[in-house]
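> These protein sequence lines map, in sequence, to chains A and B.
The numbering used here puts the first residue of the first sequence at 144, with every later residue one more than the last.
The numbering used here puts the first residue of the second sequence at 144, with every later residue one more than the last.
Think of the CB as a built atom: it goes at the ideal place given N, C-alpha and C, for glycine as much as any other residue.
Number of protein chains: 2
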Amino acid sequence: MDEEKDEEKEGLNVAKVESEQLQDIIDRKDREALKDVFLHVPSIDIAEAANEMEAKDLIFIFRNVESSLTADFFDALSQDTKEQLIAAMTNRDLVQIINSQAADDVADTVGDMPANLANKVLRAADKDMRKDINALLKYEEGTAGSLMTTEYLEFLDSTTVEEAIELIRERGRDAETIYTIFVRNPSRRFVGTVDLDDLIFASKDQKLNEIMNQDVVSCFVGTDQEEIGQLFRRYDLNALAVLNDDSCLVGVITIDDAVDVMTEESNEDLARMTNMEPTDKPYMETGAWDNAKRCIPWLVALLILGTFTTMVLNRLEAQDVFVKLPILIAFVPMLMDTGGNAGGQTTGLMIRGLAVKEFGPKQVLKILFKEFKSSLIVGGVVASFVFLWLLVEQYTGIVSGVGPGLEGLNIWNGSCWSPEFAGYALRNAGLVSLTMLFAIVVSKAVGTLLPMGAAAIKKDPALLSQPLLTTIMDVATLMIYFAIAMAFHPI
Amino acid sequence: MDEEKDEEKEGLNVAKVESEQLQDIIDRKDREALKDVFLHVPSIDIAEAANEMEAKDLIFIFRNVESSLTADFFDALSQDTKEQLIAAMTNRDLVQIINSQAADDVADTVGDMPANLANKVLRAADKDMRKDINALLKYEEGTAGSLMTTEYLEFLDSTTVEEAIELIRERGRDAETIYTIFVRNPSRRFVGTVDLDDLIFASKDQKLNEIMNQDVVSCFVGTDQEEIGQLFRRYDLNALAVLNDDSCLVGVITIDDAVDVMTEESNEDLARMTNMEPTDKPYMETGAWDNAKRCIPWLVALLILGTFTTMVLNRLEAQDVFVKLPILIAFVPMLMDTGGNAGGQTTGLMIRGLAVKEFGPKQVLKILFKEFKSSLIVGGVVASFVFLWLLVEQYTGIVSGVGPGLEGLNIWNGSCWSPEFAGYALRNAGLVSLTMLFAIVVSKAVGTLLPMGAAAIKKDPALLSQPLLTTIMDVATLMIYFAIAMAFHPI
Numbered sequence: 144m145d146e147e148k149d150e151e152k153e154g155l156n157v158a159k160v161e162s163e164q165l166q167d168i169i170d171r172k173d174r175e176a177l178k179d180v181f182l183h184v185p186s187i188d189i190a191e192a193a194n195e196m197e198a199k200d201l202i203f204i205f206r207n208v209e210s211s212l213t214a215d216f217f218d219a220l221s222q223d224t225k226e227q228l229i230a231a232m233t234n235r236d237l238v239q240i241i242n243s244q245a246a247d248d249v250a251d252t253v254g255d256m257p258a259n260l261a262n263k264v265l266r267a268a269d270k271d272m273r274k275d276i277n278a279l280l281k282y283e284e285g286t287a288g289s290l291m292t293t294e295y296l297e298f299l300d301s302t303t304v305e306e307a308i309e310l311i312r313e314r315g316r317d318a319e320t321i322y323t324i325f326v327r328n329p330s331r332r333f334v335g336t337v338d339l340d341d342l343i344f345a346s347k348d349q350k351l352n353e354i355m356n357q358d359v360v361s362c363f364v365g366t367d368q369e370e371i372g373q374l375f376r377r378y379d380l381n382a383l384a385v386l387n388d389d390s391c392l393v394g395v396i397t398i399d400d401a402v403d404v405m406t407e408e409s410n411e412d413l414a415r416m417t418n419m420e421p422t423d424k425p426y427m428e429t430g431a432w433d434n435a436k437r438c439i440p441w442l443v444a445l446l447i448l449g450t451f452t453t454m455v456l457n458r459l460e461a462q463d464v465f466v467k468l469p470i471l472i473a474f475v476p477m478l479m480d481t482g483g484n485a486g487g488q489t490t491g492l493m494i495r496g497l498a499v500k501e502f503g504p505k506q507v508l509k510i511l512f513k514e515f516k517s518s519l520i521v522g523g524v525v526a527s528f529v530f531l532w533l534l535v536e537q538y539t540g541i542v543s544g545v546g547p548g549l550e551g552l553n554i555w556n557g558s559c560w561s562p563e564f565a566g567y568a569l570r571n572a573g574l575v576s577l578t579m580l581f582a583i584v585v586s587k588a589v590g591t592l593l594p595m596g597a598a599a600i601k602k603d604p605a606l607l608s609q610p611l612l613t614t615i616m617d618v619a620t621l622m623i624y625f626a627i628a629m630a631f632h633p634i
Numbered sequence: 144m145d146e147e148k149d150e151e152k153e154g155l156n157v158a159k160v161e162s163e164q165l166q167d168i169i170d171r172k173d174r175e176a177l178k179d180v181f182l183h184v185p186s187i188d189i190a191e192a193a194n195e196m197e198a199k200d201l202i203f204i205f206r207n208v209e210s211s212l213t214a215d216f217f218d219a220l221s222q223d224t225k226e227q228l229i230a231a232m233t234n235r236d237l238v239q240i241i242n243s244q245a246a247d248d249v250a251d252t253v254g255d256m257p258a259n260l261a262n263k264v265l266r267a268a269d270k271d272m273r274k275d276i277n278a279l280l281k282y283e284e285g286t287a288g289s290l291m292t293t294e295y296l297e298f299l300d301s302t303t304v305e306e307a308i309e310l311i312r313e314r315g316r317d318a319e320t321i322y323t324i325f326v327r328n329p330s331r332r333f334v335g336t337v338d339l340d341d342l343i344f345a346s347k348d349q350k351l352n353e354i355m356n357q358d359v360v361s362c363f364v365g366t367d368q369e370e371i372g373q374l375f376r377r378y379d380l381n382a383l384a385v386l387n388d389d390s391c392l393v394g395v396i397t398i399d400d401a402v403d404v405m406t407e408e409s410n411e412d413l414a415r416m417t418n419m420e421p422t423d424k425p426y427m428e429t430g431a432w433d434n435a436k437r438c439i440p441w442l443v444a445l446l447i448l449g450t451f452t453t454m455v456l457n458r459l460e461a462q463d464v465f466v467k468l469p470i471l472i473a474f475v476p477m478l479m480d481t482g483g484n485a486g487g488q489t490t491g492l493m494i495r496g497l498a499v500k501e502f503g504p505k506q507v508l509k510i511l512f513k514e515f516k517s518s519l520i521v522g523g524v525v526a527s528f529v530f531l532w533l534l535v536e537q538y539t540g541i542v543s544g545v546g547p548g549l550e551g552l553n554i555w556n557g558s559c560w561s562p563e564f565a566g567y568a569l570r571n572a573g574l575v576s577l578t579m580l581f582a583i584v585v586s587k588a589v590g591t592l593l594p595m596g597a598a599a600i601k602k603d604p605a606l607l608s609q610p611l612l613t614t615i616m617d618v619a620t621l622m623i624y625f626a627i628a629m630a631f632h633p634i
């Protein structure tokens with residue numbers, strides 16, 4: 144595998160295995176080569192190469208490679224592959240695999256499985272493991288309880304450093320992390336943590352309550368997973384204590400699970416920003432039909448919301464000013480787009496700030512004022528630009544028909560130098576740029592209020608803000624445009 | 144601080160301190176209370192409370208709390224506060240603070256500082272620290288080199304477990320992580336890692352090359368930080384080796400820095416999706432003017448792109464079919480919005496898939512075909528819905544004027560039951576729904592090609608895809624609409 148390493152000097156340095164190579168090794172029943180792959184290639188890469196294999200070939204792997212090397216490999220297989228494998232496996236093989244896994248990983252897998260397979264797994268688990276899995280399955284998806292592991296080290300605060308190190312050697316192998324040791328007092332209340340490095344540098348007869356960190360953050364079983372990601376980020380945690388209502392430790396969330404949560408949360412935000420139902424399935428594993436199902440409801444909902452725009456535009460079209468000055472219609476998409484975009488920027492800022500808890504719905508007035516100032520600057524600059532740009536568009540004939548009877552006039556044929564043309568061109572430019580200014584100010588206010596309002600009623604700010612903003616701004620921009628048009632062109 | 148803990152039982156469990164409390168403690172010069180705060184409250188929370196204090200009060204903190212407790216506190220202060228503090232501090236105080244920091248954190252701070260302050264810091268740093276800082280400052284922002292720390296533990300592969308544990312006790316205090324030990328061979332090549340827990344469970348006379356992980360991932364100093372985040376996520380790493388071109392270890396990236404990078408990258412994607420310049424400053428620390436500056440260039444650029452739409456719409460308006468059937472104009476915003484939204488969904492999927500390296504630009508044909516299937520389903524369903532919905536809109540008078548001379552007819556006044564009304568209503572509905580089908584198919588293709596194209600020429604797929612898509616689809620939708628309108632309403 145060395146030659147491949149050299150190829151990749153620009154990016155990363157990692158041994159790889161292709162599906163064909165792996166299949167070939169198994170077909171040849173080459174146990175040595177197989178073991179070599181498991182020694183040098185990261186589990187997740189082997190799992191991806193193995194995901195499309197037949198169950199019998201996977202069983203060959205588990206029978207011929209030590210379980211210490213296959214534990215992570217099993218966890219990294221796709222849910223479909225795991226299910227096929229479990230269905231095809233003898234109970235004896237299964238016992239070995241399941242009991243080499245972390246209980247929280249098995250619980251996640253079992254939670255998404257058909258009942259018959261889930262039962263097969265639970266029967267294969269030993270007593271402690273079964274208890275842990277069942278305990279974890281009780282917690283609602285997306286809470287700290289559903290993320291935590293029950294395999295951690297918790298010692299009494301009067302334990303000495305020497306005793307603690309001895310206990311770690313004894314019990315640490317089953318724990319998901321030994322880098323953070325959790326400490327409780329005699330009444331079982333969680334009181335602090337000790338980092339393994341502090342333990343190593345401490346003198347042997349110190350007690351844990353002398354060296355433990357007391358400035359620790361912990362959460363409760365019902366805490367939302369979005370908050371968990373933020374906690375790890377903010378406090379640079381390696382592991383987080385999960386408490387029950389009596390402040391006793393019932394589980395621990397480790398950094399690898401927290402990283403997965405952060406990824407999940409940012410995927411969810413991105414999906415919602417682009418008006419799709421979030422999913423945790425990778426794109427390539429989602430069929431065209433499933434992807435379509437994530438798109439359709441949103442498109443239809445937005446369409447129905449868009450009816451208001453159609454209605455308003457239809458009514459305005461019947462008005463004199465738009466009939467006599469059809470050029471005004473041509474600027475409608477640009478006005479609507481800018482209205483939506485300006486508010487969308489603000490909504491993006493709000494979604495982010497609310498997500499990382501930089502501010503909350505209580506600061507709405509302060510933020511509204513800040514965005515108002517911002518919108519005057521943005522609106523002023525953009526409107527001034529639009530004024531000039533529209534004069535250019537009209538004089539060069541990019542748009543034609545600036546006023547009744549003025550079709551086809553422009554600088555190229557020298558026909559546009561009448562005061563009448565200038566009067567219409569200036570009024571059109573003034574009308575559109577003033578509309579732009581108002582639209583941007585309103586849009587940034589609406590773009591602030593929608594996500595803030597969602598947060599205030601404890602809804603996901605990313606969920607509906609963007610589409611509602613677009614609809615509200617489409618209608619509002621049309622109204623503003625029409626009102627100003629009546630004043631500028633009193634026909 | 145106990146009473147506050149109880150209040151927050153729903154969310155998290157963390158001791159807090161308010162700016163006023165902290166200011167009060169310092170004004171009273173209450174050293175005991177101050178130390179108590181540093182023992183119980185996480186550093187980042189104290190730093191946030193202290194960010195607005197005067198430099199002399201901050202100096203009081205550093206003089207009266209042990210440096211083991213203030214090291215993280217200093218790192219968590221805002222850049223502005225750090226600079227004021229450094230400017231106001233005596234060299235003797237500064238020496239103590241700087242040398243209790245991690246070299247990579249100091250390098251980050253120094254990199255953003257005015258030269259006179261940066262020099263003051265470098266003079267305060269001891270010899271080793273100064274060498275490390277200068278080495279780190281050489282690397283380009285956004286590369287592995289700029290993220291890594293030079294304080295890590297690297298042992299020879301023939302070291303025994305017992306020797307290694309002894310070396311960790313000796314040198315580990317200065318290392319940024321002791322949980323991952325890096326192993327080199329006699330020719331200085333990086334050959335593997337040993338996790339601290341494996342070391343603890345191994346027998347004393349084993350050598351590191353017997354127990355080390357060989358399936359390790361590493362990167363090079365020039366590797367892009369976006370890839371770093373993905374590596375930590377994919378391989379569940381705690382620390383990542385950074386190599387030079389000779390495959391020798393020159394630095395290590397730890398998980399806390401990787402988490403920051405992931406956050407930065409997802410902020411950047413969100414900013415670009417909402418058409419803003421990315422920034423790493425928090426919202427509350429950015430002035431209205433700075434925020435406006437992030438908004439304006441994008442709005443203006445999008446406006447200029449929008450000129451095409453204005454132009455096309457202006458031309459089409461002059462055509463017979465739109466003049467005689469003004470109702471058709473009313474559906475333009477809805478058609479354009481849906482065109483943009485459908486492609487936006489696909490663009491979101493592409494940006495995500497490309498970001499996590501699930502696929503690359505080489506798979507473009509496969510993905511284009513998949514999105515094509517998807518778009519036929521989405522387009523078929525949405526177009527069918529639109530057909531029915533438009534009949535409802537026309538018959539109920541939500542839009543009025545379905546054909547010339549048919550203004551104001553609807554079911555409420557019973558005036559719409561003529562074959563002429565039905566003919567126009569059906570043709571309008573057919574025209575709009577057919578346009579919708581084509582627009583969705585085209586939009587999903589364009590929404591695939593733009594980010595894929597950006598990735599193929601090594602540009603950020605999130606950068607321009609969304610605005611270009613909107614512009615292209617606005618124009619394309621209008622063209623399709625007009626072409627079909629000519630066929631349906633041969634006036």
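Would you give the residue range spanned by the alpha helix (DSSP H) that A:Leu383 belongs to?
Here A:Leu383 belongs to no alpha helix (DSSP H); instead the beta strand (DSSP E) covers Ala382 to Leu386.
> Do you know offhand how far B:Arg437's Cα is from B:Glu420's?
Each residue's Cα considered, the two are about 5 angstroms apart.
> First and last residue of the beta strand (DSSP E) that includes A:Val326?
Where A:Val326 is concerned, the enclosing beta strand (DSSP E) stretches over Thr323 to Arg327.
> Taking the alpha-carbon of B:Thr269 as reference, which of B:Arg235, B:Ile343, B:Gly522 and B:Glu284 has the nearest alpha-carbon?
Per the sequence shown, residue 269 of chain B should be read as Asp rather than Thr. If we check each option's Cα against that of B:Asp269, B:Arg235 comes out closest.
> If you follow the alpha helix (DSSP H) that A:Phe530 is in, where does it begin and where does it stop?
Where A:Phe530 is concerned, the enclosing alpha helix (DSSP H) stretches over Val507 to Tyr538.
> Can you list, in chain order, the stretches of the alpha helix (DSSP H) that have 4 or more residues and sit fully within the segment 559-624 of chain B?
Runs found: 562-599.
> Whose CA, out of B:Ala568, B:Ile311, B:Gln368 and B:Gly372, lies closest to the CA of B:Gly285?
Out of B:Ala568, B:Ile311, B:Gln368 and B:Gly372, B:Gln368 has the C-alpha closest to the C-alpha of B:Gly285.
> Grab the span of the alpha helix (DSSP H) containing B:Leu552 for me, first residue to last.
Per DSSP, B:Leu552 belongs to no alpha helix (DSSP H) and is neither H nor E.
> Quick one: which chain B residues come within Cβ less than 8 angstroms of A:Phe502?
Residues of chain B passing the Cβ test: Tyr426 and Met427.
> Give the interface partners of A:Cys438 over in chain B, defined as CB-CB distance under 8 angstroms, in chain order.
Per Cβ cutoff of 8 angstroms: Ala485, Gln488, Ser517 and Val521.
> Residues of chain A with CB under 8 angstroms from B:Ala158, in chain order?
Here the neighbours are Asp358.
> Mind checking who B:Asp338 pairs with in its DSSP beta bridge?
Its beta-bridge partners are B:Thr323.
> Taking 9 angstroms as the cut-off, decide whether the C-beta atoms of A:Leu442 and B:Ala287 are in contact.
In this structure, B:Ala287 does not lie closer than 9 angstroms to A:Leu442 by Cβ.
> Under 7 angstroms between beta-carbons, which chain A residues line up against B:Lys513? List them in chain order, please.
Near B:Lys513 (Cβ distances below 7 angstroms), the residues of chain A are Ala431.
> Assuming A:Ile439 and B:Val525 are in contact, meaning their beta carbons sit under 8 angstroms apart, how far apart are those beta carbons, in whole angstroms?
Going by Cβ atoms, the distance from A:Ile439 to B:Val525 rounds to 6 angstroms, so yes, they are a contact pair.
> Per DSSP, what are the beta-bridge partners of A:Glu297 in this structure?
The partner list for A:Glu297 (beta bridge, DSSP) reads A:Phe325.
> Out of A:Ser221, A:Ala246 and A:Gln462, state which residue places its alpha-carbon closest to the alpha-carbon of B:Glu550.
Taking only the C-alpha atoms, the option nearest B:Glu550 is A:Gln462.
> Along the chain, where does the alpha helix (DSSP H) that runs through B:Cys362 open and close?
Premise fails: B:Cys362 lies in the beta strand (DSSP E), Ser361 to Phe363, not in any alpha helix (DSSP H).
> Which class does A:Lys350 belong to by DSSP, given the choice of helix, strand or coil?
DSSP places A:Lys350 in strand when its eight states are reduced to three.
> Applying the criterion that 16 or more other CB atoms from any shown protein chain within 10 Å of the CB defines a buried residue, is A:Glu536 buried or exposed?
Its Cβ being crowded by 16 or more others within 10 Å, A:Glu536 is buried.
> Can you tell me whether B:Gly487 is helix, strand or coil according to DSSP?
Residue state, collapsed to three classes: helix.
> Using CA coordinates, which residue listed in B:Phe530, B:Gln166, B:Phe333 and B:Ile354 is at the minimum distance from B:Ile343?
The shortest C-alpha separation from B:Ile343 is found at B:Ile354.
> Grab me the residues of A:Ala198's own chain with a C-beta within less than 6 angstroms of its C-beta, minus the 5 sequence neighbours each way, in chain order.
Excluding residues within five positions, the ones whose Cβ falls inside 6 angstroms are Gln227, Leu228 and Ala231.
> What do you get for A:Ile204, buried or exposed, if any count of 16 or more other CB atoms within 10 angstroms of its CB means buried?
Buried.
> Measure the alpha-carbon distance for A:Glu146 versus A:Ile447 and round it to whole angstroms.
Low local confidence applies: a pLDDT of 39 at A:Glu146 is under 50, so the model's placement there is unreliable, with the coordinate-based value given in what follows. Approximately 58 angstroms between the Cα atoms of the pair.
> Give the interface partners of B:Glu460 over in chain A, defined as CB-CB distance under 9 angstroms, in chain order.
Here the neighbours are Pro469, Ile470, Ile472, Ala473 and Gly544.
> Determine which residues of the segment 305-331 of chain A have a Cβ less than 7 angstroms from any Cβ of chain B, and write them out in chain order.
Of all residues in the segment 305-331 of chain A, Ile311, Arg312, Gly315, Arg316, Ile321 and Tyr322 have a Cβ within less than 7 angstroms of some Cβ in chain B.
> Using Cβ-Cβ distances below 7 angstroms, what residues of the segment 161-191 of chain A are close to chain B?
Result list: Leu182, His183, Val184, Pro185 and Ile187.
> Hey, would you say A:Val326 sits closer than 9 angstroms to A:Gly335, going by beta carbons?
Contact flag set, yes.
> Report the rounded CA-to-CA distance for A:Gly449 versus B:Lys513, giving the unit in angstroms.
Going from the Cα of A:Gly449 to the Cα of B:Lys513 covers about 28 angstroms.
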